[in-house]
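Residue numbers (the working numbering): 2 to 188.
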């Protein structure tokens with residue numbers, strides 16, 4: 002039996018059976034700072050099923066009108082000047098490697114994200130490095146917001162900076178003013 006960072010006993014020594022957090026060694030890029038508390042995810046929100054290591058994962062990027070409307074409803078500074086795009090073709094990005102960066106291309110900052118949301122249309126609420134998708138040892142994926150200006154939501158819940166959140170097939174990541182990443186397992 003292994004014990005996860007939240008203190009749960011788990012038969013799986015890679016990811017907690019209760020909350021889905023990674024157990025065991027992680028390199029420095031994936032480890033959350035000790036100052037960030039690790040939340041306990043209720044069992045009802047724990048991963049529905051394990052995805053085999055060989056499964057192919059894809060991020061489907063599209064404009065989400067309902068999310069845009071919710072951002073506008075907050076009355077956040079600058080939100081009123083942002084229009085929903087007339088046309089925003091859906092794009093698919095296969096997830097590969099140990100990490101996949103999500104953001105906007107910035108030659109001056111040296112940022113060339115694997116999921117480049119530069120546009121057109123450009124979502125002005127997306128940071129240059131907005132989020133990072135991390136591949137787990139068992140082939141699953143997690144997301145972390147490394148400190149974006151406008152935050153990141155997973156299934157409607159905002160995630161804390163540097164918090165590693167396990168993802169499941171069908172999870173929705175929202176960022177910027179209208180951008181949605183639908184995470185799907187195709188295997």
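All residues carry an ideal CB built from backbone N, CA and C; glycine is no exception.
If you're wondering where the values come from, they're calculated on a predicted model, not measured in any experiment.
Asked                                                                                                                                                           : Found
Any idea which residues DSSP pairs residue 94 with across the strands?                                                                                          : 60
Between residue 68 and residue 181, how many whole angstroms is the CB-CB distance? I'm expecting something under 8 Å.                                          : 6 Å
Under 6 Å Cβ to Cβ from residue 126, same chain only, skipping five residues before and after it: list those, please.                                           : 151, 177, 178
Return the chain-ordered ranges of every beta strand (DSSP E) run that is complete within the region 97-145 and spans a minimum of 3 residues.                  : 100-104, 130-136, 142-145
State the DSSP-derived secondary structure class of residue 71, mapped to helix, strand or coil.                                                                : helix
Look at residue 110 and residue 136 and say whether their C-beta atoms are less than 8 Å apart.                                                                 : no
Compute the beta-carbon to beta-carbon distance between residue 147 and residue 163, rounded to the nearest angstrom, for a pair I have assumed lies under 8 Å. : 7 Å
What does the alpha-carbon distance come out to for the pair residue 114 and residue 60?                                                                        : 13 Å
What residues in its chain sit with their C-beta under 6 Å from that of residue 38, if we drop five residues either side in the sequence?                       : Here the model assigns residue 38 a pLDDT of 31, short of 50, so the residue's position is not dependable and the matter cannot be decided.
Going by DSSP, name the residue or residues bridged to residue 86.                                                                                              : Looking at the DSSP assignment, residue 86 forms no beta bridge with any residue, so it has no partner.
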